[in-house]
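Numbering (our numbering), first residue to last: 70 to 130.
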């Protein structure tokens with residue numbers, strides 16, 4: 070049975086997500102990639118922050 074590895078990361082812009090996804094698939098480092106706009110809420114330097122990001126999910130073996 071083939072094991073699948075999922076790689077999840079975020080980037081700041083849609084353009085960055087598209088370039089990274091395309092590069093990973095072209096180089097056969099990922100079989101496919103999913104790109105989604107997300108809204109992140111997190112604590113940074115003692116304050117709660119909220120901003121948009123782009124989530125990139127890569128599937129590989």
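Glycine included, each C-beta is placed from N, C-alpha and C at the ideal position.
Source: prediction; values computed, not measured.
Assigned exposure category for residue i - 16 Cβ within 10 Å defines buried
{"i": "residue 70", "result": "exposed"}
{"i": "residue 84", "result": "exposed"}
From the options, residue whose alpha carbon lies closest to that of residue i
{"i": "residue 74", "options": "109, 98 and 115", "result": "98"}
{"i": "residue 105", "options": "84, 124 and 85", "result": "124"}
{"i": "residue 128", "options": "96, 119, 85 and 101", "result": "101"}
Rounded distance between the beta-carbons of residue j and residue i, thought under 8 Å
{"i": "residue 126", "j": "residue 103", "result": "4 Å"}
{"i": "residue 52", "j": "residue 79", "result": "Because the chain in this structure spans residues 70 to 130, residue 52 falls outside the shown range and cannot be described."}
Residue i, enclosing beta strand (DSSP E) - first and last residue
{"i": "residue 72", "result": "From DSSP, residue 72 is part of no beta strand (DSSP E); its letter is neither H nor E."}
Boundaries of the alpha helix (DSSP H) in which residue i is found, first to last residue
{"i": "residue 114", "result": "Careful: residue 114 lies outside any alpha helix (DSSP H) and carries neither H nor E."}
{"i": "residue 91", "result": "83-95"}
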